[in-house]
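Colleague:
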Ligand SMILES: [Zn+2]
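Numbering (this note's numbering), first residue to last: 6 to 182.
#1: For ligand 1, is there a heavy atom less than 7 Å away from the beta-carbon of residue 178?
#2: Using CA atoms only, rank isn't needed, just tell me which of 125, 27, 76, 80 is closest to residue 18.
#3: Tell me which residue opens and which closes the beta strand (DSSP E) that residue 83 is part of.
#4: Only counting the same chain, and skipping five residues up and downstream in sequence, which positions put a Cβ closer than 6 Å to that of residue 51?
#5: Check whether the segment 113 to 127 touches the segment 88 to 105, counting contact only when three or more Cβ pairs, one atom from each stretch, lie closer than 8 Å.
#6: Smallest Cα separation from residue 151: which of 142, 159, 158?
#7: Could you give the C-beta distance for residue 13 and residue 110, rounded to a whole number, given that I count them as a contact under 8 Å?
#8: Report the residue ranges of all alpha helix (DSSP H) runs contained in full by the segment 131 to 176; include only those spanning at least 4 residues, in chain order.
#9: Using the rule of at least 16 other Cβ atoms within 10 Å of the residue's Cβ for burial, across every protein chain shown, is residue 170 buried or exposed?
#10: For ligand 1, any of its heavy atoms closer than 7 Å to the Cβ of residue 101?
#11: How would you label residue 81, buried or exposed, when you count the other beta carbons within 10 angstroms and need 16 or more for buried?
#12: Go through the segment 10 to 82 residue by residue and report every complete run of the alpha helix (DSSP H) that reaches 4 residues or more, in order.
#13: Leaving out five residues before and five after residue 48 in sequence, what residues of the same chain have Cβ atoms less than 6 Å from its Cβ?
#14: Taking contact to mean at least 3 C-beta pairs separated by less than 8 Å, is the segment 148 to 166 in contact with the segment 130 to 139?
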């Protein structure tokens, strides 16, 4: 086991959701200033890519968990936690069409605006690409899209509004349709 002298300050934790009864959610444990890093992309929690043909060989219970967490990318490969028995807390951001968490240009999770202690944290799932993802949304935001899909990032109007907050790979202009 590696010995360390410092560890990152705790920024958020898992609690029962207030917005989505029955679900778990992430909550700020302190006031967080706009732009501050909430979770570092270089944290030890690792994401891995699993080709779809390997997914098919897995047992049903494992597949179900992967389907609820993983993103299916443009090459039909799953991006998922390296170890489903040790899932990091940043996999638990729920969706809102008016989120308070965004990606920075490195892929860190940052505060999209000033966040108050004990506020529930949300990301916009449209800021990730997933060729299969579709979800009905009733987040209550005035700008709620009603239907959130893993292809929202390809919509030119959505891109214009959200480019600086999306997953870095998606900001490339080659994706524009
Ligand atoms: Zn919504």
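C-beta atoms are modelled at their ideal positions from N, C-alpha and C, and glycine is treated no differently.
Modeller: This is what the structure holds:
#1: no
#2: 125
#3: 82 to 86
#4: 87
#5: Yes, they touch.
#6: 142
#7: Wrong, their Cβ atoms sit about 20 Å apart, outside the cutoff.
#8: 161 to 167
#9: buried
#10: yes
#11: exposed
#12: 57 to 60, 65 to 74
#13: none
#14: yes
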